[in-house]
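Novice:
Number of protein chains: 2
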Amino acid sequence: MKIAILGYGTVGSGVYELLEQHSHIQVKKIWNRPNPDKQIPLWCEDFKQILLDEDITCVVETLNGIHPAYECITACLKQGKHVVSANKAVIAPYYEYFKQLAQDNQVSFLFEASVAGGIPWIHHLERAKKANTISRCYGILNGTSNFILTKMTQEEKNFEQVLTKAQELGYAEADPSADIDGIDILNKINISASVAFNGKINPEELLTCSMRYISQADISYFKQKGFTLKYLGDIQVKGETYEGSVLLNAVDTHSLEGNVFDQYNLVSLVGSNIGTLKFFGQGAGKKATADAIVQNLLDIQEGKKDQQSLPLNQLQYRPLDSHAYVIKSSKKIPEQWIQAKDSHYYQTTYLTTVQVKELLAYLDDPQAVVVRIMNNLG
Amino acid sequence: MKIAILGYGTVGSGVYELLEQHSHIQVKKIWNRPNPDKQIPLWCEDFKQILLDEDITCVVETLNGIHPAYECITACLKQGKHVVSANKAVIAPYYEYFKQLAQDNQVSFLFEASVAGGIPWIHHLERAKKANTISRCYGILNGTSNFILTKMTQEEKNFEQVLTKAQELGYAEADPSADIDGIDILNKINISASVAFNGKINPEELLTCSMRYISQADISYFKQKGFTLKYLGDIQVKGETYEGSVLLNAVDTHSLEGNVFDQYNLVSLVGSNIGTLKFFGQGAGKKATADAIVQNLLDIQEGKKDQQSLPLNQLQYRPLDSHAYVIKSSKKIPEQWIQAKDSHYYQTTYLTTVQVKELLAYLDDPQAVVVRIMNNLG
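Here the protein sequences line up with chains A and B, keeping their order.
Here the first sequence is numbered in the numbering used here, starting from 1 and rising by one per residue.
Here the second sequence is numbered in the numbering used here, starting from 379 and rising by one per residue.
#1: Residues of chain B with CB under 7 angstroms from glycine 139 (chain A), in chain order?
#2: So the alpha helix (DSSP H) asparagine 524 (chain B) belongs to, where does it begin and stop?
#3: Do you know offhand how far valine 251 (chain A)'s Cα is from tyrosine 703 (chain B)'s?
#4: Are the Cβ atoms of valine 615 (chain B) and phenylalanine 575 (chain B) separated by less than 7 angstroms?
#5: Distance, Cα to Cα, glutamate 160 (chain A) vs lysine 683 (chain B)?
#6: Is it right to say glutamine 673 (chain B) is buried, meaning 16 or more other beta carbons lie within 10 angstroms of its own, or is it exposed?
#7: For asparagine 259 (chain A) and lysine 665 (chain B), which I take to be in contact (beta-carbon distance under 8 angstroms), what is that distance rounded to the nearest angstrom?
#8: For the beta strand (DSSP E) containing leucine 607 (chain B), name the first residue and the last one.
#9: Strictly under 7 angstroms for the Cβ-Cβ distance: is phenylalanine 280 (chain A) near chain B by that measure?
#10: Measuring only between beta-carbons, confirm whether isoleucine 652 (chain B) sits less than 7 angstroms from chain A.
#11: Since isoleucine 191 (chain A) and tyrosine 95 (chain A) should fall inside the 8 angstroms C-beta cutoff, what is the C-beta to C-beta distance between them, to a whole number of angstroms?
#12: Look up phenylalanine 658 (chain B) in the DSSP assignment and give the residues it is bridged to.
#13: Would you verify that the beta carbon of alanine 545 (chain B) is, or is not, closer than 7 angstroms to some beta carbon of chain A?
#14: Helix, strand or coil: which one does DSSP assign to leucine 479 (chain B)?
#15: Which chain B residues sit within Cβ distance under 9 angstroms of leucine 18 (chain A)?
#16: Who does alanine 324 (chain A) pair with in a DSSP beta bridge?
#17: What is the DSSP secondary structure of leucine 396 (chain B), reduced to helix, strand or coil?
#18: Please report whether the beta-carbon of aspartate 299 (chain A) lies at a distance below 7 angstroms from any beta-carbon of chain B.
#19: Report back the beta-carbon spacing between leucine 644 (chain B) and leucine 655 (chain B) to the nearest angstrom; my notes put them in contact at under 8 angstroms.
#20: What residue ranges within the stretch 444–480 of chain B form continuous beta strand (DSSP E) runs of no fewer than 3 residues, ordered along the chain?
#21: For chain A, find out if any of its Cβ atoms is closer than 7 angstroms to the Cβ of lysine 682 (chain B); answer yes or no.
#22: Taking the DSSP output, what are the residues bridged to glycine 622 (chain B)?
#23: Does tryptophan 121 (chain A) pass the burial test, meaning 16 or more other C-beta atoms within 10 Å, or should it be called exposed?
#24: Assuming alanine 4 (chain A) contacts tryptophan 31 (chain A) (C-beta within less than 8 angstroms), just tell me the rounded distance between them.
#25: Would a C-beta distance cut-off of 7 angstroms place tyrosine 386 (chain B) and isoleucine 418 (chain B) closer than the cut-off?
#26: Does threonine 531 (chain B) pass the burial test, meaning 16 or more other C-beta atoms within 10 Å, or should it be called exposed?
#27: How is asparagine 637 (chain B) classed by DSSP in three states: helix, strand or coil?
#28: Listing by chain order, which chain A residues have their CB less than 7 angstroms from the CB of valine 672 (chain B)?
#29: Hey, how far is the Cα of alanine 128 (chain A) from the Cα of glycine 496 (chain B)?
#30: Among residues of its own chain, excluding the 5 on either side of glutamine 679 (chain B), which ones have a beta-carbon nearer than 8 angstroms to its beta-carbon?
#31: Could you check whether glutamate 635 (chain B) and lysine 608 (chain B) sit closer than 7 angstroms to each other, using their CB atoms as the reference points?
#32: Since alanine 666 (chain B) meets chain A, which of its residues come closer than 7 angstroms, beta carbon to beta carbon?
#33: I'd like to know if the stretch 334–343 of chain A and the stretch 389–398 of chain B are in contact, where contact means that at least 3 CB-CB pairs between them fall below 8 angstroms.
#34: Mind checking whether leucine 207 (chain A) and lysine 28 (chain A) have CB atoms under 7 angstroms apart?
#35: Kindly indicate if chain A contains any beta-carbon less than 7 angstroms away from that of glycine 496 (chain B).
Right under this line is the structure:
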């Protein structure tokens, strides 16, 4: 099989290097966004050279961001080329569109590396759902935010110090917003929902709160109460309805989630027969992510059939459960929301996700810290 | 697809019940060891009726133990029927024989449920090894022993009390030996090695020590030092050599292993690209184990190809690493083995597995408690 790689950053170059061990998958061309300033092997100047090369039956897309990834994936699928993508930002909104294009052109669109990096998460969702109704997906899905929380907890440093260190180590981007404001996790939860529930959600309906206002004092406050803070994505369905969130959760110090450190991920599914399954591994990193892409290339080579039935079902947002929250705000929270108050920490109890959104809109405090008390980690 | 089920205990009946949801897989006959005293649906008196029924293309074997499972599996494969087995006791010694028979007769021999129950462990070993060299498999592979250690640790009860409770709850057999003396884990490690390394080991060479002599005092001793005791199976390879063990390990209280409670399993692999992957879930239980069997039936229905290349490579036993051990014995350990002594606890350090075997043979104390200090959980 002859392939091309789009993008030659950490992941793209990782795929190129791993494929040197696989003589039956040959990289023929590599394209990067215009004017790369580094030496790229097999570099071709024009994406069209890849598109029109009939030898190339499969394209690996590692460009990041929506454009030009959207145009490249669309063109390749229409041209009858398989596509393997690691790019959650473009898959999350266009999942159904790409899957339909792939079906129409009798090729595969695969994306294991887009969620939880080296963990075979997408593969296992697809496998589990053959014999199970999956009702929930949740977990630690972002290595950068978990690295920051780990160092804040273990080394008692503040957020800014740890973020700077993470940037120096290459674990955080110069603009860390996607990782610490929840966008990255939201994309991964959205993709997981498409696969696990065969369902379409509206990501704007999820309660998504940044983790960037967490302080060392907050971490200590929860530690004293036997909790560790983790930044989790969570989505649950019941029939045609769903709820979901991306926010800081206070988890039991003796939960598995509470003991996942540094940049590692831990992601869980709940199935009707198998109960809770949890998968731990490297959610990012050159070799681990490249491995997920190579696995998808091997799937294509083996002619593995696509499981997805289209169109997706439109799911309706409806809070399925009440949750207890602790909210820290410099502004005063109205009495009717509060169960208890402890310095700046308002403990509200049994609020649904919708009510928390109302409360936050009312508060108008962009730096409020919202923490859900998580007592149901399966 | 029409199938038969051999054995109608927890797992066999679980498969029958789950398959009521799968209209395209029909159970035609069920056979149990002679003279069942309960009402079994679709019961047939004579195994030969199944063997000679040409409608039945696949047989699920949940008989437990070596005989008559060995004869039944052999006969079915020779007759050109696919076999799905949950029976680790017969698979571990006859893995290569069954796989070869299946190849010769162009059918599948699958066994997901035999290791780690509902966790898709075997499936994932097969998937990971397509793109990785796997160097190690280890983890909590036995629910009964983990349940006992959990209750001893959390409720400060002694071994006998907890074993009795586990037997009442159905988590432990009347004769608990397979679970607490390591045979069950040894079988699972042996099967994992066959799959992960394509390798044949001699299970007698592994350092296997019972967990039945552990006391509440031992648990407290390790707890004070920041360790939790877990009963782990572990096998590592390097080239054509291997080492392995089934014994109590003192793991960091903040490791994932240290926070796996009750009857749950957590099993890990180390791959050359993906690093460490860990899988958590129900290692036993009716629905979870039946789910693993149903997944294998779906694999057969989809015509999934068998990955195994035969014959297996004969691996040579050779300690790959030194480990530190703590040994409690009523007998005196010679000075040259000891790094430190603390009441009855002899701390020996950097002993290879072979040396521990020598030491134990020398001691001649069947009730010695051997604990490895595990500082490499990936």
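No residue lacks a Cβ here, since even glycine has one placed at the ideal position from N, Cα and C.
Specialist: Judging by the given coordinates:
#1: Going along chain B, no residue has its Cβ under 7 angstroms from glycine 139 (chain A), so there is no contact; the nearest lies around 11 angstroms.
#2: 521–533
#3: 33 angstroms
#4: Contact flag set, yes.
#5: 52 angstroms
#6: buried
#7: About 27 angstroms; that fails the 8 angstroms criterion.
#8: 605–616
#9: yes
#10: Answer yes: the Cβ-Cβ gap between isoleucine 652 (chain B) and chain A drops below 7 angstroms somewhere.
#11: Cβ atoms of isoleucine 191 (chain A) and tyrosine 95 (chain A) come within 8 angstroms of each other, at about 6 angstroms.
#12: A:Lys278, B:Leu644
#13: Here the sequence assigns glutamine to residue 545 (chain B), which means alanine is not the residue at that position. Answer no: the Cβ-Cβ gap between glutamine 545 (chain B) and chain A never drops below 7 angstroms.
#14: Residue state for leucine 479 (chain B) is assigned as helix, using DSSP reduced to three classes.
#15: Ala509, Asn651
#16: Answer is A:Ile373, bridged to alanine 324 (chain A).
#17: Look at leucine 396 (chain B) here: in three-state DSSP terms it is helix.
#18: no
#19: Wrong, their Cβ atoms sit about 11 angstroms apart, outside the cutoff.
#20: 460–463
#21: no
#22: Its beta-bridge partners are B:Ile613.
#23: buried
#24: 7 angstroms
#25: yes
#26: buried
#27: Asparagine 637 (chain B): helix per DSSP, three-state reduction.
#28: Ala131
#29: Between the C-alpha atoms of alanine 128 (chain A) and glycine 496 (chain B) there is a straight-line separation of about 10 angstroms.
#30: These residues qualify, in order along the chain: Met379, His402, Ile403.
#31: yes
#32: The answer, in chain order, is Asn273, Ile274, Gly275.
#33: no
#34: no
#35: yes
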